[in-house]
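Take the sequence shown: its letters are residues 1299 to 2036, numbered as in the numbering used here.
Presented below is the structure to which this report refers.
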Amino acid sequence: MNAPLAPWLDRLPPRVRAVFTQLGEVRTYEPHTTLVFRGALETDLYFVEKGKVEVLREPQPTLLLEAGQLVGEMAFLEGRCRRFTVAAHTQVRARRITREVLHAAFADDPAGLQALLDAITALRDARMSGSPMQGRSELPIVAPGAVSVAEDPQLRWDLSDLYGGPDASQLHDDLDRSLRLADDFASAWRGRVAGLGPGELHQALVQYEALMQAVYRPAIYAQLYFSQDTGNAAAQGLLARTREVSTEAFNRVAFFDVELKKLSGAQHLALLAAPQLAGYRHYLTGLKKLAPYTLSEKEEQLSATKNLTGRAAWSQLYTEVSSKLRVHLVVDGERKSFNVAEARALRSSPDRALRRAATDGLMAAFEQESHVLNFCFNTLFQDHKLDVETRGFKSVTEPTYLDDELSEPVVESLMRATEAHYGLAQRYMRLKARALGLTNFSSHDVLAPLTPSEKKLSFDEGRQLVLDAFGAFDPRFADIASEFFDKRWIDVMPRPGKRDGAFCSGSLPSSHPYVLLNFQGRIEDVSTTAHELGHGIHFYLSRRQSPLNFWPTTSLAETASVFGELLLMKRLLEKETDRAARRALVGVRIEDIVSTVFNQVAYTRFEQKAHGKRAEGVVPVEDFNALWTSERQRLYGDAVALFPQDRWGWLSIGHFVHYRFYCYSYAFGQLLVLALFAKYEEEGAAFIPRYVELLSSGSSDTPQALLQKMGVDISDPDFWSRGFRTLSALLDEFESLL
């Protein structure tokens, strides 16, 4: 360690000094690689143990830090992020120290923590004085893992097709314009809807869609900007503002929805028959079905306004809390810290002890915040109950089924058929235990890889696999998917503060979709890439629709995504001749079905029972734990041993918070796609135009009507059982490969 820089360490109390020399995660960087990438605000420190790092404040170099120095300040020093880049000047060994590591080290020593913060502050102030980096600033710190890959700009989405940045004048102009458009719409049509002829109503609907586009564009940007850095105060503020403006704009035109729903049956039928309104026939029919549950204009406005500090606020709190969770594990003899996405990935490690540690650590992290998160669940469930009662719905699930344009008997038929086949999931778990040579197969083995060493894939390799699979089906699909990569419509790597999981944002017909991933290099991550890009292709093709017919109903929302996974699996199996490798691929396919059919139905049953429990009063966390454990035991029987820590799993399922009863749609989509894929394999190229037409239809008709064009009848009682026959055949194949 260089003598001029070491004395500050010697002046610290021994326990404080030990934080920098003994705790944290050690990393090595070669010359000219990036430690810290400009523009991100994080909560970590880097202690330089060996070598030098060059700190650049664009456009000129400003500081060179050597062994014994710190890079970055903790967020609780209230620094303001500037545009810095920190790169390795020579070969560098640095120790990454997170806020969680510090709090753990000083959990029982507040004075020690304060001494450490004082030391950081003094060091920073000494470093800043006289240098071009004046004031209280923070150097941004990168995500764990392969730093240069994680921060490759080509692997982060470019939101500039929406707006140039959160402070872009156009964004804030559009927010103001949204309110003006709402006022113009109200001036033109308030109180007149009942007397409108088909031509005038068509004009009003076109104007309403223009308002939708103006309102949604800033809101979509704010949600995407927040998702990439949930701890960013600017992102949180922008999200709040766009929600407020969106609510205000739609409140000003709430009369339109209310007046349309009040039309008499005769008026409604006359409008549906008008040629001018053919493109809006399905939308108008859907409105009429919801008419009995619609409140007065003032009540609808009040409900939407209260959601800002109610449902939306609690949902955002859940995201912020869960995104900050850290899981501390010992990996390769070193104590390391992982975010939720990274810890989830370790649950599929070939190392059984690491799988168990990752599973327990993840659950422990959620348990630690269970007081806050359980309050979110209780509040949101009660909010939904009150809304259901106020509007007169017969059950807590009825609003979801009406929105999805499915009857409760159809959904219950799907659920009961799945539960009747839980034995297939249990059969696979027993076969997997045989494949792994385990006699005590447990919850932390459910995601274990079927090969001794888990093959890691670079994102380039995964991308090419997906493009090849899509291209073999239809070159147009590969071309569309390529645009996501080439035009940076996709955010790939995990990093601190980034939202966990994966999603595709459909955006608007006038724009294009965006995809968020947390790619970890597993084959499951490649499958997730195919899944989300399937969504992306669905939205891309639906852009021919107007806004009111654009977003697919929930019941069809998972069609293209699951189909994309099947295309990938088909491609992989075609290329694979090794017996063990084929067994692993068939196993992955079965596990996809178990995850998206059986797990999701079990999740939905838990959600139904949890809402029922909340209707009786505030639910203690242990009661939710018991419900969750009961559903897991019902699914797995004695094929999977559960551990006490597993009872916290429900807290990690964000769908329960952000949506109402969405999870069944994954099962619907998987079983539906099994039927569609069978048709594709029977019909070949003749199937493709009808499938493209289905995806291009958005929500322009009911799911039943759109699927009937594909030769699928979801009202057939035997329909759902066909998918389970396909699964049974896959299980036979898997067993033959053991």
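Positions of the beta carbon are idealized from the N, C-alpha and C atoms, including for glycine.
Note that this is a predicted model, so its numbers are computed, not measured.
For residue i, does the count of other Cβ atoms within 10 angstroms reach 16, so buried, or fall short, so exposed?
i, result
"F1941", "exposed"
"V1628", "exposed"
"S1803", "buried"
"N1676", "buried"
"A1767", "buried"
"P1590", "exposed"
"L1684", "exposed"
"Q1666", "exposed"
"R1714", "exposed"
"E1822", "buried"
"L1864", "buried"
"S1998", "buried"
"S1458", "exposed"
"E1352", "buried"
"E1981", "exposed"
"P1918", "exposed"
Residue i by DSSP, collapsed to three states: which one?
i, result
"R1391", "strand"
"T1245", "Outside the shown range of the chain, which is 1299 to 2036, sits residue 1245, and nothing can be said about it."
"I1986", "helix"
"K1350", "strand"
"V1260", "Any property of residue 1260 remains undetermined from this structure, which presents the chain solely from 1299 to 2036."
"K1634", "strand"
"S1803", "strand"
"F1345", "strand"
"M1372", "A caution first: M1372 carries a pLDDT of 45, below 50, which makes its placement in the model unreliable, though a value can still be read off. In the structure shown, M1372 sits in coil (DSSP, three-state: anything other than H, G, I, E or B)."
"A1441", "In this prediction, A1441 has a pLDDT of 30, which is less than 50 and means its spatial position is unreliable; nothing more can be read from the coordinates."
"D1789", "strand"
"S1693", "coil"
"A1486", "helix"
"A1776", "helix"
"S2013", "coil"
"L2036", "coil"
"E1364", "strand"
"A1385", "strand"
"M1426", "With a pLDDT of only 44 at M1426, under the threshold of 50, the placement of this residue in the model should not be trusted, and no figure is reported."
"T1544", "According to the sequence as given, residue 1544 is Ser; it is not Thr. In the structure shown, S1544 sits in a helix (DSSP, three-state: H, G or I)."
"S2026", "helix"
"S1740", "strand"
Straight-line CA distance for residue i to residue j?
i, j, result
"A1723", "L1933", "8 angstroms"
"V1899", "A1908", "14 angstroms"
"L2029", "D1743", "18 angstroms"
"S1613", "R1786", "28 angstroms"
"D1944", "L1652", "16 angstroms"
"S1740", "F1664", "20 angstroms"
"Q1931", "V1895", "16 angstroms"
"D1482", "E1323", "58 angstroms"
"I1788", "D1456", "8 angstroms"
"Y1964", "E1856", "6 angstroms"
"V1399", "R1624", "10 angstroms"
"A1973", "G2021", "7 angstroms"
"P1850", "S1994", "10 angstroms"
"K1559", "L1588", "8 angstroms"
"L1269", "Q1818", "Outside the displayed span of the chain (1299 to 2036) sits residue 1269, for which this structure offers no information."
"H1387", "L1949", "44 angstroms"
"A1316", "K1350", "21 angstroms"
"N1672", "D1772", "46 angstroms"
"A1564", "L1570", "10 angstroms"
"L1343", "R1393", "8 angstroms"
"L1575", "Y1726", "51 angstroms"
"A1413", "T1607", "39 angstroms"
What first and last residue would you give for the alpha helix (DSSP H) that runs through residue i?
i, result
"Y1523", "1496-1525"
"Y1934", "1919-1934"
"N1558", "Looking at the sequence shown, residue 1558 is not Asn but Leu. Start and end: 1552-1559."
"Y1812", "It is not in any alpha helix (DSSP H) - Y1812 instead sits in the beta strand (DSSP E) that spans 1812-1814."
"Q1666", "1650-1666"
"N1530", "No alpha helix (DSSP H) contains N1530, which DSSP labels as neither H nor E."
"A1568", "1563-1571"
"Q1599", "1595-1607"
"H1833", "1821-1840"
In terms of residue numbering, what span does the beta strand (DSSP E) encompassing residue i cover?
i, result
"R1325", "1323-1327"
For chain D, is any of its Cβ atoms less than 8 angstroms away from the one on residue i?
i, result
"V1324", "Reference to chain D is not applicable here, since this structure consists of a single protein chain."
Nearer than 7 angstroms: is that true of the beta carbon of residue i relative to any heavy atom of the ligand HEM?
i, result
"L1815", "Although the ligand HEM was asked about, the structure shown includes no ligands whatsoever."
| task | For the region 1848-1913, list the alpha helix (DSSP H) runs that are entirely contained and at least 4 residues long, ordered along the chain. | result | 1852-1855, 1857-1873, 1877-1891, 1898-1912
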